[in-house]
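Protein chains: 2
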Amino acid sequence: MIQHPAYLVEPWCLRETELDLDVLAQSESLFALSNGHIGWRGNLDEGEPYGLPGSYLNGVYESRPLPYAEDGYGYPEAGQTVVNVTNAKLIRLLLDDQPFDVRSGELRTHERSLDFRSGLLERHVEWVSPGRRSVRVRSARLVSLVQRSVAAIAYEIEPIGGPLRVVVQSELVANEVVPAAGGDPRLPAVLEALLCSESHECGDARAALLHTTVRSGQRVAVAMDHRIEGPSSSQVSAESFPDLGRVTITAALEPGERLRVVKFVAYGWSADRSGPALRDQVAAALAGASRMGWDALAQEQHAYLDDFWNRADVEVDGDAEIQQAVRFSLFHVLQAGARAEGRAIPAKGLTGPGYDGHAFWDTETYVLPVLTYTAPDTVADALRWRHSTLPMAKERARQLGLTGAAFPWRTITGAECSGYWPAGAAAFHIGADIADAVVRYVEVAGDERFEREVGLEMLAETARLWRSLGHHDTQGQFRIDGVTGPDEYSAVADNNLYTNLMAQHNLASAADVAERYPDRARRLGIDDEEMAAWRDAATTMCIPYDDALGVHPQAEAFTSHEVWDFGATSADQYPLLLHFPYFDLYRKQVVNQADLVLAMHLRGDAFTNDEKARNFAYYEALTVRDSSLSACTQAVIAAEVGHLVLAHDYLAEAALMDLDDLEHNTRDGLHVAALAGTWIALAAGFAGLRERQGTSGFAPRLPVNITRLAITLSIRRRRLRIEITPDTTTYRLIDGDPLPILHDGQLGSVSTEIPLVRPTGKVPPSEPPTQPFGREPLRRQTVK
Amino acid sequence: MIQHPAYLVEPWCLRETELDLDVLAQSESLFALSNGHIGWRGNLDEGEPYGLPGSYLNGVYESRPLPYAEDGYGYPEAGQTVVNVTNAKLIRLLLDDQPFDVRSGELRTHERSLDFRSGLLERHVEWVSPGRRSVRVRSARLVSLVQRSVAAIAYEIEPIGGPLRVVVQSELVANEVVPAAGGDPRLPAVLEALLCSESHECGDARAALLHTTVRSGQRVAVAMDHRIEGPSSSQVSAESFPDLGRVTITAALEPGERLRVVKFVAYGWSADRSGPALRDQVAAALAGASRMGWDALAQEQHAYLDDFWNRADVEVDGDAEIQQAVRFSLFHVLQAGARAEGRAIPAKGLTGPGYDGHAFWDTETYVLPVLTYTAPDTVADALRWRHSTLPMAKERARQLGLTGAAFPWRTITGAECSGYWPAGAAAFHIGADIADAVVRYVEVAGDERFEREVGLEMLAETARLWRSLGHHDTQGQFRIDGVTGPDEYSAVADNNLYTNLMAQHNLASAADVAERYPDRARRLGIDDEEMAAWRDAATTMCIPYDDALGVHPQAEAFTSHEVWDFGATSADQYPLLLHFPYFDLYRKQVVNQADLVLAMHLRGDAFTNDEKARNFAYYEALTVRDSSLSACTQAVIAAEVGHLVLAHDYLAEAALMDLDDLEHNTRDGLHVAALAGTWIALAAGFAGLRERQGTSGFAPRLPVNITRLAITLSIRRRRLRIEITPDTTTYRLIDGDPLPILHDGQLGSVSTEIPLVRPTGKVPPSEPPTQPFGREPLRRQTVK
């Protein structure tokens, strides 16, 4: 674990006051800016040193052949990898011919801060060149949440102590060299020289480049313009080449004088539109942004975020790190989804190239639940993207001999890109996860138009998949054999409980929604017989139970398997998948990540309280949390079954996943789902948020160290604020019609006039369960 | 299915009287010559046309990286592919400048024959060139079973009707162009320009080439010399180039004159020895062979085969095709193993590049049982090869986190080359298959020295593997979870019955043999505790049973799975693996090949007669036989449970697998295990051969069409001949001390003086089981 003593604990900001080149790549992920369409890693303005240079456009990928040592029917032939597009962040600075590079000279002061309210990444340095020239540089950077094609940088230079001749080169650079990857399968494939120049142009303080990806044939345009304020003797020139656009500004600065360069950037891409059309599109976006100017762009950014925080803020008293982390998390989750609009939300957002830039089930199961309660419009967008990929998913199902839709395990465009079917194609639960996100969104946002236009079709096509994937055995049980659940240390098992319970919900929901929209159902070819078949499969769903142990097996026979020898496994053998073969992991009782425990969160209605407690204890002893998706779910169920201290530990693990680089791969991008998990651990964990038949329910309880927890939620187009103290929970409706809510199972109502005040639940102390040897979460005792 | 009307049905010969270029590649496999060390496909002497040119040296391979779309711990990094080595078969002929090519001119007569007693491939053609010159060419070819480095060709030209000027080019050609492969995963990887020239030389009528494989660094030497008889005006010259050695003979032949060229070839290869050492080695072998001359080589070949047939012949009255096929099969099984000596016996022998030239469990489970009773010394050689790979197998086990030895699923050298672990590394049963072959060989050949020196260590290291692979569950059962059995349409299941029963035998045998050789056991680190642990695991082995259905599930939960929709599967969707994804095959009740049924053959003691009958009927309805390994085992159990007509059908399927090209891939090499299956179906099927605690047992019974079956067997260094007629079975001992045998479970004895005569068992007629729709075996009714 890497600690960053340079990061200060502040409620609304991530601030670094020293530059540690050893963790530069991690900081680039943490300081990444994105609006869900454009992503800029927090690389230094001057480009070098870097950990991993990165500029991404959501949906821009390159194809690569997927090789197999032994081929098989239905294996995907092509993979997709996110492309590091033209770098438009670059602003190089020369002082009297010496390049500004923090590795040389003396870095007198260094500060970078990412403000969650302004949305700006600011930097302030004082540097003395090897030639003893001193300079102060301030820069601020934004990727506009309001204008999705636009980003901007304000860059200001001021001499210290004496006059200074400076040259600023503001650039667009295509085909940057990216460091090579190692052997970790979670790392991205590195593709070289992907962008093929189509045209370039320049003039005044402007330049523009147009490129095409070689194999996937996507066209990427980027343009920049500048506003320059400085001494009248300053000179500006522009030039362009196939892979380089450059605007050069020279100035002689006397003490007290400043050179301020504001760089406006616009990106555009398309697989269909022509080069001239795309060129004009970015020119128009650029003209709009530069006419507005920096201050107006920054103001509308702030206003956008004020609105978000008014709908979504979380206050945590008693654990300042968690307070910071949950806002950091919400900020990045918002960045990942805000303007994705018709594109996927990848596992790393647009903060790095990890997992090849693919989107997984993480989006629907971890990210969208948070956005559903905080920025519901982004959820509609994300699910409409999934819906747009239905033709591919239906074709894939047909290829696999199934009916309905088989959504891809990992993808950029919607095409399956998984090259290892036991952990890819066999993880059919993604269909039910998408259905679950649809149902939750419709229920919480009350978006009936979406339900009718988009939701029903997605529910129906996923229900059809389950119907063709499962079968009734001779006892009449509906079995789903040979599939893979969430736990990546098991695969291709019969009746994975998570899968079966989620499929059950999927099937029943599809029938319910089809019944509500009979005309639309008819147009989708759904008849009474099909609805009855869905209900029948749901009703007879096989739910294995181990009577001897009194627990639910994760999948049939799971509890008969050998328990992993945790005592013989050393700390440096984690994550296990890098040190043990799949065959060994799969056939033993060892759990990578919440699987049955996740089922107890998302299908809590299918378990008694006693079962939850016993199951949780059983799986705690087997779960190693090599996945960043696990801790938040363990926090939720730990809180539900009364282990509040443990829940706090797991909350912290999710919250600090990237801030503390717990999995040592934050360099490749943030764990967006784990960040979302911070909110989930607080809202579903300590506040006990669950949807129950159209009503939001809460079961608030706090661990000793957290003295107050307040969460603002968007529910059915209203804002609800819940404030929990150890003794009292207060529900306040900020706007809208009165809202029924459940508090500890009791129905109540809250209106804008009358808050609902209830006692906060108390939990009797109980013996917490144990984890595998060496895999206990870090204790949160230090925070009082 | 391709019928070859040109193949005549003869008892001792495979003869073709027409040349059909459409099935040329198949004929090259059928007419392949090999001694287990050198393999020559039956390519035409003049090289073209060809289906697939092929010359192989057992053990010569090239390495290639095994690519993975997603990498995983313990995946093999390098594959091995058999190399088409220097072609020394080539004899080109020109008539007055016109090359002899059967595609031009007129082929007046054509005959090729492979004689199972002489071991010669003979060819006789009369051809008229486009320029109207007529010629008669006779050639005979042998790969010496006595001198394993040597092959030879006698080539004779005779003008018809008029004088003829002829040029004969006898060649060595390295790096022949091989046709590209398609998408079938069973096809070999094609590697180009593998051989790097090291030296070449020529003189008189001799030439020699020395090459090295590029990546695996193996050195291959080949040399040829000639004896020429013809008109005194004939001229001979020799030349050599890096990839070509050529001896050119020109002659002017008057009617009645002949040109006879005898070509002697010697091959050698080594990964260790120097170029000069290897060159001298082949020169010495060549000198020996050319001094002997053709006639002596052919005589010793015949003598070798006479000896073999005296020990191994099988006579079948009533089905002439089967008579021919069983001798064809035995001949090729002998060729595959005769002189392998320290190398593997590949699945295709040395008859083609299919399966990359790899050896699988086929060798121990199908080929060695036949050789154990017919050429036992070759079995000791084959098992000593396995033993020589123990260090690799132990290292592989360690890599997989296991103790003992994990033998490779597919290999040339002993290193695992499987690139798909669910059907490779997970098929641990190969360890028990090897152990079974060891036990059978020791028992039948009575080779105690082998048992002590080699057998015990192999049994112990495989037993250790099972002990670490399985575990005792809370009920005390020894479970083996997450492994793959023989059936390739299932994978990674718990308690595969075949695997568990074979492991049980492996564990018990290891303990028994260790007890017999306590000193040797101590040196191998086997103590009483370990032996007790083996016995304990064997005793408590988990053997699932489905009470409701009254059958054994192939693996736990198998009988709960959905039954494959055979009615919806069309004939052109077989083999299923080319038309359906693994995930779908694995999770349904569909069986590629005998799995539980094979367990009933090899572990018949673990089943009651009723269980055998019920199990057989149950699995018959699920088994599609996409594998060539299945029919013979189905024949064995069909015979045992009394379905003699069905057993005859399956016998024919195994026997005609290659002669009728039933699986459409005979072009890539013969199915050596299926060929062995012909003998197995007769000996273990109709003769009912089983070993029971040190005594060979028989349970003879004949189907209606077979009127007499006589088999000669080597048992405990004696020759036993069993002759079965519908009414009487006669056992005759040809040499050696009296031998106890079991006839239908009754102990008897046979000596050289006194045969044992017993009534042949009768089977009451019963309703035969059914097969999946469209997968019934061809009926054998046509043969009376």
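Just so you know, the sequences run in chain order F and H. When the letters of the first sequence are read in order and numbered with my numbering, they come out as residues 93 to 876. When the letters of the second sequence are read in order and numbered with my numbering, they come out as residues 93 to 876. Glycine included, every Cβ here is placed at the ideal spot set by N, Cα and C.
Per DSSP, the unbroken beta strand (DSSP E) holding H/His292 starts and ends at Leu287 to Gly295.
Between F/Leu389 and F/Ala358, the C-beta gap is not smaller than 7 Å, which leaves the two residues out of contact. Counting only Cβ-Cβ distances below 9 Å, H/Pro673 has contacts in chain F at Gly164, Tyr165, Gly166, Tyr167, Gln491, Leu492, Gly493, Trp513 and Ala517, in chain order.
For F/Arg679, the closest alpha carbon among the candidates H/Ala585, H/Ala602, H/Ala709 and H/Asn757 is that of H/Ala585. Per the DSSP secondary-structure output, H/Pro578 pairs with nothing in a beta bridge. Around the C-beta of F/Arg809, fewer than 16 other C-beta atoms lie within 10 Å, and the residue is accordingly described as exposed. Between F/Ser221 and F/Thr862, the alpha-carbon positions lie close to 56 Å from each other. For the 7 Å CB-CB criterion, F/Tyr447 and F/Ala768 do not form a contact. Among the CB atoms of chain H, one or more fall inside 7 Å of the CB of F/Tyr678.
Shortest Cα-Cα distance from H/Lys704 to any of H/Leu397, H/Gly642 and H/His653 involves H/Gly642. Listed as beta-bridge partners of H/His740 by DSSP are no residues whatsoever. A straight-line Cα-Cα distance of about 6 Å links H/His653 and H/Gln681. Between F/Ala363 and F/Gln310, the C-beta gap is smaller than 7 Å, which places the two residues in contact.
For the pair H/Arg782 and H/Ala744, the Cα-to-Cα distance works out to about 21 Å.
A straight-line Cα-Cα distance of about 57 Å links F/Thr715 and H/Gly360. Assigned with DSSP and collapsed to three states, F/Glu859 falls in coil, not helix or strand. With fewer than 16 other Cβ atoms from the protein chains shown falling within 10 Å of its own Cβ, F/Asp697 counts as exposed. Neighbours of F/Arg800 in chain H, taken as residues whose beta carbon is under 8 Å from its own, are absent, since the nearest beta carbon is some 46 Å off. Sixteen is the threshold: since fewer than 16 other Cβ atoms of the shown chains lie within 10 Å of the Cβ of H/Glu321, the residue is exposed. Under the three-pair Cβ rule at 8 Å, the region 500–507 of chain H counts as touching the region 479–490 of chain H.
Chain F places no beta carbon closer than 7 Å to that of H/Pro645, leaving this residue out of the contacts. C-alpha of F/Phe865 to C-alpha of F/Asp760: approximately 29 Å in a straight line. For F/Gly171, the C-beta contacts it makes with chain H under 8 Å involve Ala161, in order along the chain. For F/Ala474, the three-state secondary structure derived from DSSP is helix. Between F/Tyr533 and F/Pro438 a beta carbon distance of about 19 Å is seen, past the 8 Å cut, so the two are scored as non-contacting.
Looking from the CA of F/Ser196, the closest CA among F/Arg233, F/Pro141 and F/His216 belongs to F/Pro141. Residue pairing from DSSP places F/Gly131 in a beta bridge opposite F/Ser126 and F/Tyr148. The beta-carbon distance between H/Arg107 and H/Glu248, rounded to whole angstroms, is 19 Å. This is too long to meet the 8 Å contact definition. Judged by DSSP secondary structure, H/Met316 falls within the beta strand (DSSP E) whose first and last residues are Arg311 to Glu321. H/Phe356 is bridged by DSSP to H/Ala244 and H/Asp317. Judged by beta-carbon spacing, H/Gly131 lies within the 7 Å limit of H/Tyr148, meaning their Cβ atoms are closer than that value. The beta carbon of H/Cys105 sits closer than 7 Å to the beta carbons of Ser205, Leu206, Asp207 and Phe208 from its chain, once the five residues preceding and following it are set aside; these are given in chain order. In this structure, DSSP gives H/Gly617 a state outside helix and strand, which the three-state scheme calls coil. Cβ contact annotation for F/Glu535 (same chain, cutoff 8 Å, sequence separation greater than five): Glu783 and Gly786, in chain order.
When only Cα atoms are considered, H/Gly295 and H/Ala330 end up about 6 Å apart. Between H/Gly134 and H/Glu120, the gap from beta carbon to beta carbon is short of 7 Å.
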